[in-house]
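Undergrad:
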Amino acid sequence: MMIEALIAVALLGALVTFVAPNRIAGKLAFAISLIPTALALWLFSAFDGSGNALLGGELAFSSNVEWIQFGDYTISWFVGLDGISLPLVVMTTILVTLAIVSSWTPIDERESQFYGLLLFIEANLIGVFAALDFFVWFIFWEAVLIPMYLLIGIWGGPRRKYAAIKFFVYTNVASLVMFGAFIALVLGLGDGVTSFALPEIADAMVNGGGVQTALFGVDPGTLTAIVFVAMFLGFAVKVPVVPFHTWLPDAHVEAPTPASVLLAGVLLKMGTYALLRFNFTMFPEQVEAYAVPIAAIAVISVIYGALLALAQTDLKRIVAYSSVSSMGYVILGLIAYTEFGVSGATFQMVSHGLISGLMFMAVGVIYNVTHTRMVTDMSGLADRMPVAAGVLVAGAFGYMGLPLMSGFYGEFTIFFGAFGSELLAYSQVFTALAMFGIVIVAGYLLFALQRTVFGPYHLETDYEIGRAALHDIAPMFVLLGLIILLGVAPELIFEMMKDAVTPILETGGGL
Amino acid sequence: MAGTGAFGYAPAIALFPLVAFVVALTFGKYMPKRGAIAGILATAGSLLLSLWLLVTVAGGEVYHETLYEWAAGDVLTEAGSNGIEFTFGLLIDPLSALMLVIVSLVAFLVHVFSLGYMNAEGETGLPRYYAGLGLFTFSMLAFVYADNLLMAFMFFELVGLCSYLLIGFWFRTRSAPSAAKKAFLVTRFGDYFFLLGVVAIASTFGTVAFAGENSFVVAAETAIENGQTLFGFDARTWVTITALLVLGGVMGKSAQFPLHTWLPDAMEGPTTVSALIHAATMVAAGVYLVARMFGYYALSPTALTVIAFVGGFTALFAATMGVVKDDIKQVLAYSTISQYGYMMLGLGVGGYVAGVFHLMNHAFFKALLFLGAGAVIVIMHHEQDMWKMGGLKDKAPITYYTFLAGALALAGIIPFSGFWSKDEVLYDALIVGLEQPVILVAYAMALIAVFFTGFYTFRMVFLTFHGEPRSETAEDPHPVGWSIKAPLIVLGILAVVAGLVNLAPLAKVLGVDITFLEHWLDGEFGSVEGLTYHAYHETVAFEEGAIGSETVTMLLGAGLSLGLALAGALTAHTLYNVPEPVPHKERLGGVRRTLEANYYQDEYQVWIAERVTLPVARMADRFDQSVIDGLVNSVSTASLFGGSRLKRVQTGLVTNYAALLVAGFIGLLLLLGTLGGWFL
Chain A
5 MMIEALIAVA LLGALVTFVA PNRIAGKLAF AISLIPTALA LWLFSAFDGS
55 GNALLGGELA FSSNVEWIQF GDYTISWFVG LDGISLPLVV MTTILVTLAI
105 VSSWTPIDER ESQFYGLLLF IEANLIGVFA ALDFFVWFIF WEAVLIPMYL
155 LIGIWGGPRR KYAAIKFFVY TNVASLVMFG AFIALVLGLG DGVTSFALPE
205 IADAMVNGGG VQTALFGVDP GTLTAIVFVA MFLGFAVKVP VVPFHTWLPD
255 AHVEAPTPAS VLLAGVLLKM GTYALLRFNF TMFPEQVEAY AVPIAAIAVI
305 SVIYGALLAL AQTDLKRIVA YSSVSSMGYV ILGLIAYTEF GVSGATFQMV
355 SHGLISGLMF MAVGVIYNVT HTRMVTDMSG LADRMPVAAG VLVAGAFGYM
405 GLPLMSGFYG EFTIFFGAFG SELLAYSQVF TALAMFGIVI VAGYLLFALQ
455 RTVFGPYHLE TDYEIGRAAL HDIAPMFVLL GLIILLGVAP ELIFEMMKDA
505 VTPILETGGG L
Chain B
2 MAGTGAFGYA PAIALFPLVA FVVALTFGKY MPKRGAIAGI LATAGSLLLS
52 LWLLVTVAGG EVYHETLYEW AAGDVLTEAG SNGIEFTFGL LIDPLSALML
102 VIVSLVAFLV HVFSLGYMNA EGETGLPRYY AGLGLFTFSM LAFVYADNLL
152 MAFMFFELVG LCSYLLIGFW FRTRSAPSAA KKAFLVTRFG DYFFLLGVVA
202 IASTFGTVAF AGENSFVVAA ETAIENGQTL FGFDARTWVT ITALLVLGGV
252 MGKSAQFPLH TWLPDAMEGP TTVSALIHAA TMVAAGVYLV ARMFGYYALS
302 PTALTVIAFV GGFTALFAAT MGVVKDDIKQ VLAYSTISQY GYMMLGLGVG
352 GYVAGVFHLM NHAFFKALLF LGAGAVIVIM HHEQDMWKMG GLKDKAPITY
402 YTFLAGALAL AGIIPFSGFW SKDEVLYDAL IVGLEQPVIL VAYAMALIAV
452 FFTGFYTFRM VFLTFHGEPR SETAEDPHPV GWSIKAPLIV LGILAVVAGL
502 VNLAPLAKVL GVDITFLEHW LDGEFGSVEG LTYHAYHETV AFEEGAIGSE
552 TVTMLLGAGL SLGLALAGAL TAHTLYNVPE PVPHKERLGG VRRTLEANYY
602 QDEYQVWIAE RVTLPVARMA DRFDQSVIDG LVNSVSTASL FGGSRLKRVQ
652 TGLVTNYAAL LVAGFIGLLL LLGTLGGWFL
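Right under this line is the structure:
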């Protein structure tokens, strides 16, 4: 019942915060959010699961209650955690708590609604990572969109409506494509499957011979391939990979900082998490068949995303595009289909969540005190805000994959896992190309640092520079601490990730 | 897990400065010397422990232990082994023990020197400075005794970070942050290849250990013996490829052509930082790495030849640029690049001892010269232009005589330390060159560079210390304290006597056994198996020739290089050791502009960054905005409703969207349900 408690606390907390007075909403939401964080940390320490949740692993904290009978199919409230989902849940609760604290300074209207939505989004995000029934999962998946849409649409910048609608429509259309494809898959699996439980469907796909009957006149092989591609595209928008990424910079630029933290930190991971759970777990044959194009997409995302970041002068756009680049590494790790590659990709999801969260917070603090995000508008900020500047520098080096910070471990294990991949043809070439991202990322981040943090102090805006408050800085130190902790002791989560990833690889035709 | 005796304390060598880093960063503001004391104590502790280790290793013990495993997993490697472990471990053998002493000694002296150089000037940001030095010393020491390639890479990157932070110490200027960025970017470009090399080696052999039965060196030997095919190449070719990839990182850090351009710019940092990081230690990391995994390079004559050629070329190339510089630190910067070229040449021809010997001597005399330059800069009230100096020799005798010792060592004048090691490098290059024409060319370049070295070194000495004072500050020097003089004296003595540890030419002529360093590196006191000079020498497949006999060749080579060095010094004497020297640059004619512009190396690299990469990025951005995003927007406009209808849907009321979402979701369910026959 622990997962239910986690979700329920966040949901109830959201309701309470909604009706609380604006004045105390921020502090109240923070206090409430500590409960899921503490619970999640407890779950982490008490984790006793093993194996992969979809492939006959030992689930932790699971519950499975029949909910609705839908024709021949049973829908159940089925949740549980394995080594892939648990770290993501913990990261989500921590990031939400920190995002709430980082909102205290910038959010000064309709506070109770704002903080209520943050807690509401937390409940749904936990649901996405914990749900093991497709319908339950999909409800959470879709429900994440609403609060994020509102956060951008109400508290966002000047072009918030355009950005919010673009985000909503784009990702929602993608979801529908994916939804339709998955339903088709379930129908195609025929009598072998009697529920929407993901383990059952995965079992039918991997061990039961997959789709056996033709559907709508499409033969089973083609149907499986179509479903694989459609689901890949559906999730690819969420990740996002090039060329489905254009909603992301708009959403980030317009979103209020705390929403950006969650968007980059957690929402993008929904895409890669779903890719891992669905495409890469249920379709070993298609993964092999489409390895080269997927790897090409990954490499293009890394390099093209980094080049786009290089061309930007808005700090938020720089970090936004760099996310596209970083998520490309995750895709590369997944398609490598090796223990280090897939585990590294999973590790990178958590690591990038923390680091991008830190970067957006730092940019937010800069915006709070300077009222600008344009690289060309400022220089020498280290002179006036040395601590915040120091954290930004540390975060930037984390993003560049500095050793002893989590980013290095994620990237190194991905590169190592990808280089020797048996599944992926030309894996050495793909790895070498993607790795060049580590040079470009240093280019645009160091350029941004040189222009904004260093040099003689100068600010284009008329605004008198203020001081960053302790509660602006403290969340960044927490994240920095976690980034270094995971960089020094990655086994804290890498061990359980490997354990959950290995069964996936064993299904891959003896690879 | 813990070792016995001295080795049990080995981790503390690196950890002391790490503690100093944390202390300086958090409490430095409130401490009397702003963190200097913590740094001095920490590096003194590291130095004492390093000396203890050196004695212990001399007693025949070595240490190779894994201390911490941070990842392990299954992987089927190309060479056929299974599984891999990534660990942190220590490898303490004659090479690393020696290097630990060098690094901790120079770090300690630089900390002491900083008391006089940085603290006395009322600098702000001193805690940041000492924190940076502490973090650097930690990373560098950890790099030195890393027992595997991945750990070495990690600390290799971390010293790069420290270098970035310390070059940019005076961040309020425009030039320092720019130089810091350039230094990190250029070295990172090299590190890209290094990391690719690490990944390739790990994927190929399933191990990244430097030493022992499970090392990648042994695995590579086995693969070559068995004639295996690795990633589509025969084993030796693949070893060459991976070795050259790692070399990318070496060339970046050790500032070898064409990745040398960052080092002269790095002089923007405080002079103490230049002495520690950009002369004696971090720049040495590249060369040290080659020495550390020399067994691997020894397997590939091609890789060695590349190293030798790059080294020889860089030695000459950088030396010629040094002759026209007016800033005392710039002269030293180009000299540093040139000297690392010699080390590369030495290692590249299989002269493991010669390369390490020169690395050690250079660390001492170049740290001395940089600190001496620092003292001169203090004396000159922060003037670095040599044309504004002159006549300092009587006013600052200790600075002058120690600087002179360093200069004689750098120029390679007998019997100062630099002579012995540079001569050994050249001798090794010559005997191999007599059989391999490519290496003979490298040797010739390095030999010509000796002349230029003698010239620019003494041009610097004469302009700075001799003649008449050429500015008011030169007439009225600022006094320097003992915290500045003491490190100069220690290093000055070392610059004179350090050569005594390996008097190879005398040993040959007199037939006495006085090549201690060679014995040391050959494991005659104690060593890890396989990591000895003889083992390497047997693997290196170069043939060696001689002119007449070995002794004749040796004497000939030594005489030639000494003659050239003296000729260079004499030329400088004639031109610049006069009361009122003039630049004489017009004598260079057309070459002058090229030299002053550093062969336009910066220009083309800036061109690549600003005229190629940036426009490509902007083009990608325009493409992204117009084509990709344009497509997305036009699809959304043309979809389902058409423009005007869509406008009505976009009411801006969020509740409407929520309702739409739910309606759409239910509608889809109904549709699929009907198709799927769930309601029948």
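For the record, the sequence lines run as chains A and B.
The first sequence begins at 5 in this note's numbering and counts up by one.
The second sequence begins at 2 in this note's numbering and counts up by one.
Just so it is clear, CB atoms sit at the ideal spot from N, CA and C, and this is done for glycine as well.
Predicted model only: the values in this text are computed from it and were never measured.
Can you tell me which of the three DSSP states B/T516 falls into?
TA: By one-based count along the second sequence, residue 516 of chain B stands at place 515. B/T516 falls in the strand class under three-state DSSP.
Undergrad: Where do the N-terminal and C-terminal ends of the alpha helix (DSSP H) with A/E113 fall, by residue?
TA: Locating residue 113 of chain A in the first sequence gives position 109, where the first residue counts as 1. A/E113 -> no alpha helix (DSSP H), and no H or E assigned at all.
Undergrad: Which value, in whole angstroms, describes the spacing of the CA atoms of B/M252 and B/S301?
TA: Along the second sequence, read from residue 1 onward, the residue named residue 252 of chain B stands at position 251. Along the second sequence, read from residue 1 onward, the residue named residue 301 of chain B stands at position 300. Straight-line Cα distance between these residues: approximately 17 angstroms.
Undergrad: Out of A/E426, A/I359, A/V215, point me to the one whose CA is closest to A/V395's CA.
TA: Here residue 395 of chain A is taken as the residue at index 391 of the first sequence, counted from 1. Of the candidates A/E426, A/I359, A/V215, the one whose C-alpha sits nearest the C-alpha of A/V395 is A/I359.
Undergrad: What residue range does the beta strand (DSSP E) around A/F82 cover?
TA: As a first step, residue 82 of chain A is located in the first sequence; it is residue number 78 there, counting from the start. Unbroken beta strand (DSSP E) run through A/F82: 77 to 85.
Undergrad: Can you name the residues of chain B whose CB is closer than 8 angstroms to the CB of A/P244?
TA: Position 240 of the first sequence, counting from 1, holds the residue named residue 244 of chain A. Those within 8 angstroms of A/P244 in chain B number zero; the least Cβ separation is about 11 angstroms.
Undergrad: Got a sec? Which residues, its chain only, sit under 8 angstroms from A/T374 by beta carbon, not counting five neighbours each side?
TA: Taking the first sequence and counting its residues from 1, one reaches residue 374 of chain A at position 370. Cβ within range, chain order: D381, M382, L385, L463, T465, Y467, I469.
Undergrad: Would you say A/P507 lies against chain B (beta-carbon separation less than 7 angstroms)?
TA: Sequence index remark: in the first sequence, residue 507 of chain A carries index 503 (1-based). By this cut-off, A/P507 is not an interface position.
Undergrad: Which of the three DSSP states, helix, strand or coil, is assigned to A/Q290?
TA: Residue mapping note: residue 290 of chain A aligns to position 286 of the first sequence, counting from 1. If DSSP states are grouped into helix, strand and coil, A/Q290 belongs with the helices.
Undergrad: How would you label A/M235, buried or exposed, when you count the other beta carbons within 10 angstroms and need 16 or more for buried?
TA: The residue labelled residue 235 of chain A in the question sits at position 231 within the first sequence. Per the 10 Å Cβ criterion, buried.
Undergrad: Distance check for A/A178 and A/L227, CA to CA, integer angstroms please.
TA: On the first sequence, position 223 is the one that residue 227 of chain A refers to. On the first sequence, position 174 is the one that residue 178 of chain A refers to. Each residue's alpha carbon lies about 18 angstroms from the other.
Undergrad: What does B/W71 reach in chain A if we use C-beta pairs closer than 9 angstroms?
TA: As a working mapping, residue 71 of chain B is identified with position 70 in the second sequence. Neighbours of B/W71 on chain A, chain order: Y413, V492, A493, P494, E495, F498.
Undergrad: According to DSSP, simplified to helix, strand and coil, what is A/S347?
TA: Locating residue 347 of chain A in the first sequence gives position 343, counting from the first residue. If DSSP states are grouped into helix, strand and coil, A/S347 belongs with the helices.
Undergrad: Which value, in whole angstroms, describes the spacing of the CA atoms of A/N346 and A/T417?
TA: Counting from one through the first sequence, the residue named residue 346 of chain A turns up at place 342. Counting from one through the first sequence, the residue named residue 417 of chain A turns up at place 413. The sequence given here places Val at residue 346 of chain A; Asn does not occur at that position. Distance between the alpha carbons of A/V346 and A/T417 is about 9 angstroms.
Undergrad: When the Cβ atoms of the stretch 377 to 397 of chain B are set against those of the stretch 468 to 475 of chain B, are three or more pairs found closer than 8 angstroms?
TA: Yes: the two stretches touch, three or more of their Cβ pairs being nearer than 8 angstroms.
Undergrad: Which residue spans inside the stretch 185 to 272 of chain A form an unbroken alpha helix (DSSP H) run of at least 4?
TA: Whole alpha helix (DSSP H) segments, 4+ residues: 202 to 210, 224 to 242, 251 to 258, 261 to 266.
Undergrad: Strictly below 9 angstroms CB to CB, what residues from chain B border A/D387?
TA: Stepping through the first sequence from its first residue, residue 387 of chain A is reached at position 383. Correct list: F172, R173.
Undergrad: Could you tell me which residues DSSP puts in a beta bridge with B/V145?
TA: If you number the second sequence from 1, residue 145 of chain B lands on position 144. Beta-bridge pairing links B/V145 to no other residue.
Undergrad: Please confirm whether A/V233 has its beta-carbon closer than 7 angstroms to some beta-carbon of chain B.
TA: Within the first sequence, residue 233 of chain A is the residue found at index 229, counting from 1. Not closer than 7 angstroms to any Cβ of chain B, the Cβ of A/V233 fails to qualify, so no.
Undergrad: Since A/L2 meets chain B, which of its residues come closer than 7 angstroms, beta carbon to beta carbon?
TA: Chain A is shown from 5 up to 515; residue 2 of chain A falls before or after that span and cannot be answered.
Undergrad: Can you look up B/F543 in the DSSP assignment and give me helix, strand or coil?
TA: As a position in the second sequence, residue 543 of chain B is number 542, starting the count at 1. Coil at B/F543, not helix or strand.
Undergrad: Thinking just about the alpha-carbon of each residue, which of A/N176, A/F364, A/L271 is nearest to the one in A/M480?
TA: On the first sequence, residue 480 of chain A is found 476 positions in, with the first residue counted as 1. Residue A/F364 is the option with its Cα nearest to A/M480.
Undergrad: Mind listing the chain A neighbours of B/E79? Cutoff is C-beta to C-beta under 7 angstroms, in chain order.
TA: Here residue 79 of chain B refers to the residue found at position 78 when the second sequence is read from its first residue. Within 7 angstroms Cβ-Cβ: G424.
Undergrad: Report yes or no: is there a C-beta of chain A within less than 7 angstroms of the C-beta of B/V20?
TA: Taking the first residue of the second sequence as 1, we reach residue 20 of chain B at position 19. With 7 angstroms as the cut-off, B/V20 does not count as an interface residue toward chain A.
Undergrad: For chain A, is any of its Cβ atoms less than 7 angstroms away from the one on B/F190?
TA: One-based indexing of the second sequence puts residue 190 of chain B at position 189. Yes, its Cβ sits closer than 7 angstroms to a Cβ of chain A.
Undergrad: Any beta carbon from chain A within less than 7 angstroms of B/F642's own beta carbon?
TA: In the second sequence, residue 642 of chain B corresponds to position 641, counting from 1. Bear in mind that the predicted position of B/F642 carries a pLDDT of just 44, short of 50, making it too unreliable to give a figure here.
Undergrad: For A/N128, count neighbouring C-beta atoms within 10 Å of its own C-beta (all shown protein chains included) and say buried if the count is 16 or more, exposed if not.
TA: Taking the first residue of the first sequence as 1, we reach residue 128 of chain A at position 124. Buried, because 16 or more other Cβ atoms sit within 10 Å of the Cβ of A/N128.
Undergrad: Run through chain B and tell me which residues come within less than 7 angstroms of A/M439, C-beta to C-beta.
TA: Within the first sequence, numbered from 1, the residue matching residue 439 of chain A stands at position 435. Result: Y193, L196, L197.
Undergrad: Give, in chain order, every residue of the stretch 200 to 226 of chain B whose Cβ lies closer than 7 angstroms to some Cβ of chain A.
TA: Result list: V200, A201, A203, S204.
Undergrad: Considering B/D75, what are the terminal residues of the beta strand (DSSP E) in which it resides?
TA: Within the second sequence, the letter at position 74 stands for residue 75 of chain B. It spans 64 to 77 - the beta strand (DSSP E) in which B/D75 sits, taken as one unbroken run.
Undergrad: Name the DSSP beta bridge partners of B/T230, please?
TA: On the second sequence, position 229 is the one that residue 230 of chain B refers to. According to DSSP, B/T230 bridges with B/D235.
Undergrad: For A/V69, which residues from the same chain have a beta carbon less than 7 angstroms from its beta carbon, with the 5 sequence-adjacent residues on both sides left out?
TA: On the first sequence, residue 69 of chain A is found 65 positions in, with the first residue counted as 1. Result list for A/V69: S80, W81, in chain order.
Undergrad: Looking at C-alpha atoms only, which residue of B/L186, B/E226, B/L52, B/A280 is the closest neighbour of B/Y10?
TA: Residue numbering aside, residue 10 of chain B sits at position 9 when the second sequence is read from its first letter. Answer by Cα proximity: B/L52.
Undergrad: Helix or strand or just coil, what does DSSP make of B/L435?
TA: For the purposes of this step, residue 435 of chain B is identified with residue 434 of the second sequence, where counting begins at 1. Note: B/L435 maps to coil in three-state DSSP.
Undergrad: Does any residue of chain B bring its CB to less than 7 angstroms from the CB of A/L450?
TA: In the first sequence, counting from the first residue as 1, residue 450 of chain A sits at position 446. So, interface residue.
Undergrad: Do you know offhand how far A/S329's Cα is from A/R281's?
TA: Position 325 of the first sequence, counted from the start, is the residue given in the question as residue 329 of chain A. Position 277 of the first sequence, counted from the start, is the residue given in the question as residue 281 of chain A. One C-alpha to the other measures close to 22 angstroms.
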